[in-house]
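Line by line, the protein sequences give chains A, B, C, D and E.
Residue numbering for the first sequence follows this note's numbering, beginning at 13 and increasing consecutively.
Residue numbering for the second sequence follows this note's numbering, beginning at 1320 and increasing consecutively.
Residue numbering for the third sequence follows this note's numbering, beginning at -14 and increasing consecutively.
Residue numbering for the fourth sequence follows this note's numbering, beginning at 42 and increasing consecutively.
Residue numbering for the fifth sequence follows this note's numbering, beginning at 144 and increasing consecutively.
Cβ atoms here follow ideal geometry from the backbone N, Cα and C, with glycine treated the same way.
Notes to accompany the following structure.
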Amino acid sequence: MRTIPSPDAEQRPRGLAAQALPEQGRFVKEGPSRARIAELAGNSPLLRIDGLVAGYGKMEVLHGIDLQVGAGQSLCLIGPNGAGKSTVLHSIYGFTNIMAGSVTVNGRDITRLDPNEKLRNARIAYILQDNSVFPDMTVEENLWMGGFLMESPAHAKGAAEKVFEHYPRLKERRRQRAGTLSGGERRMLEIARALVMEPQILLVDEPSIGLEPRYIGMVFEVLEDLQRQGKTIVMVEQNAKKGLQFSDIGYVLVSGEIAMAGTGDDLLRDPEVGRLFLGA
Amino acid sequence: MTPILEVQGVTKAFGGVIANDNISLTVPKGSIVGLMGPNGSGKTTLFNSIVGYHPVDRGSITFEGREISRLRVPEIARLGLLRTFQQTRIYGMMSCLENMQISVPDTRDGLRTMFSKVPPAVTQQAEGLLEFVGLYAKRHLRAGELSFGQRKLLELAMALMHEPKLLLLDEPTAGINPVLINSLIDRLKRINADLGVTLFVIEHNIRVIMKLAEHVYCLTHGQLLADGPPDEIQTDQRVIDAYLGA
Amino acid sequence: GGPASPKVEGDTIILGAAVSLTGKYSTNGKNTQDGYELGVKRINEMGGVRVGGKYYKIKVIYYDDESTPARGAQLAERLINQDGVKFMLGPYSSGLTKAIAPVTEKYRIPMVEGNGADRALFTQGYKYMFAVLSTSDQYLREAMNLAAEQAQKQGKDPKTLKVAMAFENDPFSMDVRDGVLEDVKRLGMKIVIDDKLPPEINDMAATLTKVKAVKPDILVVSGHARGATMAVRQVSDMKVDVPMLAVTHCDSAKVAETLGKAAEYALCASQWDRSLSYKDRWFGMAEEYAKVFEKEFRYDPPYQAAESTAALLVFVDAFERAGSFDIEKVREAIAATDLMTFYGPVKFDATGKNIAKPMVLYQVQDGKYKVVAPTKWAAAKLIHPIPPWSKR
Amino acid sequence: MLFFLLMVDNLSLLFNAPILSAQLLVDGILIGAIFALVAYGMALVWGVMDIINIAQGEFVMLGGYVTFFLAAAGVHPLYTVPAAAAALYILGWALYRTVVFRVVDKDMFISILATFGISIVLQQLANELFEADVRTAESGLGSLFFADGLIVVSQIKVVAFICALVLGATLFLFLKHSRLGRAIRATAQNARAARIMGVNTDRVFATTFALNAAICGAAGSLVVMTWLVHPYLGLAYTLRAFMIVTVAGLGNMASVILASLGLGAAENFAGFVLGTEYQAAFVFSLLVAILVWRNALLSRQRKYLK
Amino acid sequence: MTDTTRNVLLYALIGLTGLLAPSLAPAFRIQMALLWMMILFALTWDLGGGQMGYNSFGNVLFFGIGCYAPAVVQRELFFAVEGQPQATGDLATISPAFNYFNGFALGLTLAVIIAVAVAAGLGSGILGLRGQYFAICTLGVGVAAGEIASGWDYIGAGSGMVAPIFPGHPSQAALFFYYLFFVLAVICFFTLKRLYASRFGLAINAIRDDEDKAEAMGVHTTRYKAIAWCVSAFFLALAGGAFGHLNNFIDREVAFPGITFGVWMVLMAILGGKGTLWGPVIGATIFHVTQELFWTYLLGWQRVALGVLIVVIVVFFPLGIMGWLREQWPEKFGETVDLEARAAPVSLGEGR
Ligand SMILES: Nc1ncnc2c1ncn2[C@@H]1O[C@H](COP(=O)(O)OP(=O)(O)OP(=O)(O)O)[C@@H](O)[C@H]1O
Ligand SMILES: Nc1ncnc2c1ncn2[C@@H]1O[C@H](COP(=O)(O)OP(=O)(O)OP(=O)(O)O)[C@@H](O)[C@H]1O
Ligand SMILES: [Mg+2]
Ligand SMILES: [Mg+2]
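Quick look at the structure:
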């Protein structure tokens, strides 16, 4: 009989993906105060979430989230699988069932804005976690779709050309159907597409999924570049070390609640965070 | 060591793109072999060729000494060669537990097993595995309601449930929490050691591949660039240039 | 099953009918219902039916069978079981009648019908079903005879005549076809086309192309109202030249009115016509019936309506002669019917069909339906052969 | 027995008089053009909204009635084609806003059910309001004669054919190159991603559905001028459109046209040789055979039809 | 335990109602018999369409075979009534009960054999098709079968054929067919219940959710699909046989009612909630009862009302009634999250 011995908690935390560890739960109880959150955002938030309760259908996933990020700042959400990180981004964009709370940009309430108005009216772009290319369109057409809101198709095409310059690999494949791209190529296309409209706020859900090491570096360079141009970035990243290194602010999300908030570097240095969330 | 899988001169082109160019490699029985390479270098394509998703243009693929390059997907799967998908695939409307229960192999499917209820032992094992990937609490939820990473974990658990002879994993840790990755590696190693499941793993995460694999193949532009033990590969200049970066 | 005695509420005797208010037969189903309703109205206005010294009004319960046989059978069950109806009026079409007759027979409920003409109805040994109309094989026989006659007049042997047939694949039209086949055999003619039109057909181009190719002397078509419209319209569109075109249902399809010149010279089989000199005590002459009907429903009564009214009259007559609503007595009275109506004579043989009334044949001339056969009733002379399209 | 004799006769007739084949082919292709219109619309709605519109045939029927009533009121039937299209566009829009928008993101079968409900309602309302009489409208265009009058082509069918081609080409160019067209395609492939790009998918859906209804309305207008119209006409068109779209696939307008014309011709030949009673049976059996055969071929390449 | 008791009570209640219904409302026997038939329709359609994701529009094919086969057997063996102009006479005397039931039983057996054979034969070809290709093929098969039946003289072609009349009083006939349909529906229900509880149920669900994945996991998809299809054919053939004899008159429209029964099957299953065991039962009941009410009270407008009803239901209960309930109270359907619970330690390799 080949029995797998029950591993000790040190080595293999139980039910990590689904719920908080007992230790993680401790964080939740001591979740950051509003003041701390505001302070991290320099007390002048561009994007702000207050008391957000949201979920899918009847199921409540987020239980009162506060989040603030200032203009030109970057924020990284980390946490176990299923903690609700993607749900936060979904909620900002309006893909979830929002039961309470509000999302504001520049003081303007956008909670009830339709998803398709977010880019036009709030200049928020979103890179989804799961596959979102238009598979039966060519790479080129996918990029043109990125510029759908521009005044004319010619504008969109021009903008797409500019983006192509940064992504030679996509350029090589510009007439290939997007559905036939490899996993990493798709990811690149999705990222590139979100940049066409030059958004003010960028929501990025795990940009590095499926990317080769060199490209991960490259993606973070691109993001850095964007931030330098004054864009605000909210990111989810499982590659938490990279994410926190990059970000000004880091939040730890556990079981639909903010467990910790701090500057990226603070969190990186915190040994508890390291042990429980970075897998160090 | 006897090879369980032998790929010989496999070539696969899509129109102009040659995704696999004359690739030959072997996976020894009972080992853990890694496959890495830049995006679009043809890793997933190779997996697809092996498990029968499309016909190969040229070359031969043998599994336990048996030519399988002409067989169809379910036939190959029933030989004990299983794969997970890079773009995760689970049975969305079924509960997680049911997803696990149906993943028990079909090989001994007489009419009787077909119509019999799921044995308690199977359920127990399914629950155990779910517990391991942290989905036990959600075992009665529909799999379609899981988060991205949870789906990935479920798919992996399903593959483990099957206990195949050879398991091809396509980026099993992409999008998985780092803490969990550690124990996954652990678990995969144990499965390999205790149950003799041979593993063939695509990974971009260097840390994972270094910890896991005994032997690594590296592809670029559809061609085999290098192969060897992990530490050798990690320091191979060609691999660094083509893939790892400085 | 329901109450043992016939359904009489106060001084009203209740009859039941399933008719096609929706579905493919709904035009003719409506005609049928209107026919019944006119009869009911007239009888009730005249005081009702006198049975056993007392006057009873008449009422009919209707259901919509949606032109589907299965529904028809269920509705008959419902009328008999739930509504307690003991006397039934027929539905529209042979198919529906075929579906309902086994039910009425099973429950021994007398049914008088005016719209099921397929001969197969009368070979089942049904004892409770009576039909006031001529059987469907009769519809186009007159046309075949005319064709033979005309051939002889021109000094041709009728045996040289080529016949093209296009019949809807339903019980009624199939029996029309059988009638034609029998005559073709009798007269020694040759069949060159034998197409069966599926009920949902909307286009006859394939058949008509064949007609153009084989140049028959007679083209016979039967397919209820839709078949008539389609045939007449497409023969004209495709400029198909045939010396004789004979169709059923063209009066209820109003081909002369709606298709104008295209309908000219078409022969139409009819059970009845307003110009006939039949007469009864309820409506008077056929023409008077037609006028009352027009006034009530604002359209020319097609024969389907007249038949239906006649079916009701048969019941009225039988009730009065039986002097009771006893089912068996009424059945016997119906079987012994020998009645003259505005619609024509009614007398049933042992199988329940009316053997007393002949069919008539119209020809569309100058946009009007003119009776051209049988000679006894003819109001106009047959124009034969039909001039080719190039000369029209 | 008689059946087989006649069938052999029919075949030899075709061999002896090839001109008949020409007539059948021409007729079939012209009929096919009408199918093509209806099928386009279906493919569009199916592809973009993931809805199989069962009320397709009812739109055709209503378009026919628009023409019929306008013609009865004295308008020349040919001028009523745009009117029918416009009327149906409005109806399509209204239906989307009241019913279809609620089911558009649901399982495909839900939408089948909803549009089936709509189709019954439209059909029965037509039966109640317009009566079940069979109606036609006379275009007054007459016919063209070829080969000494052996081939007759009614001009209205030619008009229908040209309409179908022009509409098809326009639609193709529109989808391929216009902004809205690209938005429609993007929505079809990944609605959520399209929304993120700022596409108002709801409006795209409404437009698509209304556009489809308009196309069907135009087709119906042509139908009543060529053949006839009655409340129960719809099913035949829905079925054929469904068939065409399945064979031709969703994305490809050219193959929709080809399949439609092919279907028209196949029906005509089958009707001629086998008799109309086996026309439908033949066409449907052929369909099954083609699909099974194609699938079998693909399965050798480890693929299947999709 | 409480759950089981509740279930047993529920079944007992329904069973009892089913058994007593014909005596409680004798006038409605036929309608109630048809209710059971509708339930059977919805259940068998759901087996393919709901549970397996193979949406068939051609299930009437098996129903049609079922209609015709016993009628043909009756005609050939015992009752020379149909289509023979010479065979007149008293129906009561040429329909002795013994022959009637013998012929009927024989006919049903034949119907089942043919239907299952046809299902197996056709299945090998068209079950390889997916999605809409499968749907259109089944539609094609259903239509073609109807057309062929209406051209085939042996079974009466377009004129149809007549099954012998039930030997005995009509009310007995109604009773007989009522119980026949009742028993059929009950057997069908429990058969499916048992099937869904087994590996078979999981397998066809997996095929529905992602057939590629199921294949890749080595599930014998072809075998499961064929079996599901044959089970549908089996029950539909029996239903058809009973209906043909109940209706007496059989023609293409009765036997291959593609746009009535054929569509209703789908409607009822979806209305109740496809992919569930009870959904089709509930859907069929609601559909049948409302339909009958509309027929009675909305003469001529009943189809309009039906259409509106369908639209309204679909708009407000897009997941069907069971689906809606499940969404409202997921926990009642076992969709629970128990954060505290933990599984027993696993022992690999001991699972089976
Ligand atoms: N469509 C859905 N319907 C119902 N529940 C959902 C749905 N999507 C996600 N959930 C649930 O919401 C919770 C949070 O999901 P979310 O996708 O936000 O997680 P996450 O933190 O992004 O995880 P991951 O790292 O795996 O992507 C999960 O427990 C999941 O089960
Ligand atoms: N069906 C197809 N048609 C055309 N080209 C294809 C097709 N499938 C894959 N390709 C191309 O083949 C190349 C190899 O793709 P593959 O998916 O095997 O890459 P990969 O090594 O798995 O990359 P990644 O790490 O990004 O997943 C890519 O350039 C891709 O664009
Ligand atoms: Mg996520
Ligand atoms: Mg890959």
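Continuous alpha helix (DSSP H) stretch holding residue i: start and end
i: residue 434 (chain E); result: 421 to 440
i: residue 308 (chain D); result: 294 to 315
i: residue 158 (chain A); result: 151 to 158
i: residue 245 (chain D); result: 242 to 267
i: residue 1471 (chain B); result: 1467 to 1481
i: residue 1423 (chain B); result: Here residue 1423 (chain B) belongs to no alpha helix (DSSP H), and DSSP marks it neither H nor E.
Any C-beta of chain E under 8 Å from that of residue i
i: residue 49 (chain D); result: no
i: residue 69 (chain A); result: yes
i: residue 6 (chain C); result: yes
i: residue 231 (chain D); result: no
i: residue 336 (chain D); result: yes
Chain-order list of residues whose beta-carbon lies under 7 Å from that of residue i (same chain, five-residue window excluded)
i: residue 137 (chain D); result: 246, 247, 250 and 251
i: residue 269 (chain D); result: 175, 176 and 177
i: residue 391 (chain E); result: 305, 306 and 308
Residue j beta carbon less than 8 Å from that of residue i
i: residue 297 (chain C); j: residue 21 (chain C); result: yes
i: residue 298 (chain E); j: residue 257 (chain E); result: no
i: residue 368 (chain C); j: residue 229 (chain C); result: no
i: residue 254 (chain D); j: residue 125 (chain D); result: no
i: residue 321 (chain E); j: residue 165 (chain E); result: yes
i: residue 1473 (chain B); j: residue 1415 (chain B); result: yes
i: residue 1466 (chain B); j: residue 93 (chain A); result: yes
i: residue 74 (chain A); j: residue 58 (chain A); result: no
i: residue 89 (chain A); j: residue 81 (chain A); result: no
Own chain partners of residue i with C-beta closer than 6 Å, once the 5 adjacent residues on each side are dropped
i: residue 290 (chain C); result: 16, 19 and 20
i: residue 195 (chain D); result: 184
Proximity test, Cβ basis, 8 Å: residue i and chain D
i: residue 186 (chain E); result: no
i: residue 215 (chain C); result: yes
i: residue 461 (chain E); result: yes
i: residue 158 (chain A); result: yes
Proximity test, Cβ basis, 8 Å: residue i and chain C
i: residue 195 (chain D); result: yes
i: residue 473 (chain E); result: no
Range covered by the beta strand (DSSP E) that runs through residue i
i: residue 272 (chain D); result: Looking at the DSSP string, residue 272 (chain D) is not in any beta strand (DSSP E), and its letter there is neither H nor E.
i: residue 308 (chain E); result: Where residue 308 (chain E) is concerned, there is no enclosing beta strand (DSSP E), given that its DSSP letter is neither H nor E.
i: residue 1534 (chain B); result: 1534 to 1539
Beta carbon proximity, residue i to chain B, threshold 8 Å
i: residue 72 (chain A); result: no
Subject >> Pocket of ligand 2 (residues with CB nearer than 5 Å to any heavy atom), chain order >> reply: Cβ atoms closer than 5 Å to ligand 2 belong to A:192, A:193, A:194, A:195, A:196, B:1333, B:1336, B:1338, B:1358, B:1359, B:1360, B:1361, B:1362, B:1363 and B:1364.
Original post:
Pick out every residue whose C-beta is nearer than 5 Å to a heavy atom of ligand 1: which are they, in chain order?
Top reply: So the residues near ligand 1 by this Cβ test are A:68, A:73, A:93, A:94, A:95, A:96, A:97, A:98, A:99, B:1464, B:1465, B:1466, B:1467 and B:1468.
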